[in-house]
Amino acid sequence: MRVQIQVIGLQGAAKLRRFAAQKLDVALACFPDGIEAASVRLRDINGADRGGVDKLCRVVLTLRGDAVLVIEELGSNILQAIERAAERLRLRVSRQLSRAHT
3 MRVQIQVIGL
13 QGAAKLRRFA
23 AQKLDVALAC
33 FPDGIEAASV
43 RLRDINGADR
53 GGVDKLCRVV
63 LTLRGDAVLV
73 IEELGSNILQ
83 AIERAAERLR
93 LRVSRQLSRA
103 HT
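Residue numbers 3 to 104, in the working numbering, belong to the letters of the sequence shown in order.
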């Protein structure tokens, strides 16, 4: 699986990339043959000087057979947004792949 992680407007980009990669690996470990590529975008929508629910984790996953899944999670804490997105992604991939096999 090819993984691309982009961080925009957030402090600690290297740490966030590692954290997101680890969460993605754990969430998708059960589906090693079903996934071609993943793209993760972590972004502070309103900029670093403004608070609130403006941290976005967007994951675009390409499954074998050309199905594409998109998960977006918005929150005030980027780490929590990454964790929620990874969990939602795991559930969605599981459902999608089980449909493909029936």
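In this text, a Cβ means the ideal position worked out from N, Cα and C, and glycines have one as well.
Are residue 37 and residue 65 close, meaning C-beta to C-beta below 8 angstroms?
yes
Using alpha carbons as the reference points, say which of 19, 98, 73, 48 lies closest to residue 81.
19
Kindly examine the ligand SAH and report whether one of its heavy atoms sits closer than 7 angstroms to the Cβ of residue 40.
For the structure depicted, the ligand SAH is absent and the ligand set is empty, with no information on it obtainable.
Give a yes or no on whether the C-beta atoms belonging to residue 84 and residue 33 are separated by under 8 angstroms.
no
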